[in-house]
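According to the working numbering, the residues represented by the sequence shown are -12 to 128, in order.
Below is one structure, written out as structure tokens, with a few remarks after it.
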Amino acid sequence: MSVELIRQYVAEDCEDLSRAAVIHRIKTALQRRSGKAWSVTGGKGTAYGWITVDAPPARRTWSHRLKAGCVTDRPEDYEGYDCGQPGHTITPTDQAELAALLGTDVHHQGYSIPSSNDYYREALDRAEGRPVQKLATPYWD
């Protein structure tokens, strides 16, 4: 085994990948890179290890309304708009900025990070602006 490979294993074993440490590193990295605050929160209950990255609630002002003249509940009958009220979903501008920062698609409800060291490492690479060393693979079916 090469010395470089041993160093890599030791570094991975010593890295703090606790949920709290990962949340702090992602939040700090995104703020440093964008100059904006981002909401980085851990799940609760059965989703405890999962992490969500999103705009803070005050910037989540994007909502949907029924288009003028429409009377049904089909998805195509709705349009997005900035309602000016906090607590809705991420605006398209923030969604695009977060996607650019992370180098991946971002859902209108934010970016979800599953609970595993591989997913945490991938998210840290993305948030800290490094090339992703290893893409995580789903551990569920």
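Glycine included, each C-beta is placed from N, C-alpha and C at the ideal position.
Because the structure is a prediction, the values reported are computed rather than measured.
Does the stretch 1 to 10 come close enough to the stretch 86 to 95 to have 3 or more Cβ pairs within less than 8 Å? no
Roughly how many angstroms separate the alpha carbons of E109 and Q120, rounded to a whole number? 7 Å
Which of the three DSSP states is assigned to V27 in this structure? strand
In chain order, what residues of the same chain have a beta carbon less than 8 Å from the beta carbon of P73, not counting five sequence neighbours either side? P44, A45, R46, R47 and T48
Skipping 5 residues on each side, what residues in its chain have a beta carbon closer than 7 Å to that of V81? Reading the sequence as shown, one finds Asp at residue 81 and not Val. For D81, where only same-chain residues beyond five positions count, the Cβ hits under 7 Å are A42 and R46.
My output table needs one value for E2: the three-state DSSP class, helix, strand or coil. coil
The alpha helix (DSSP H) with T80 in it runs from where to where? P79 to L89
Presumed contact (8 Å Cβ cut-off) between H75 and S50, rounded CB distance: 5 Å
Where T33 sits in the DSSP three-state scheme: helix
So, using beta-carbon positions, are T39 and G97 closer together than 9 Å? yes
Which one or two residues does DSSP pair with D41 in a beta bridge? S26
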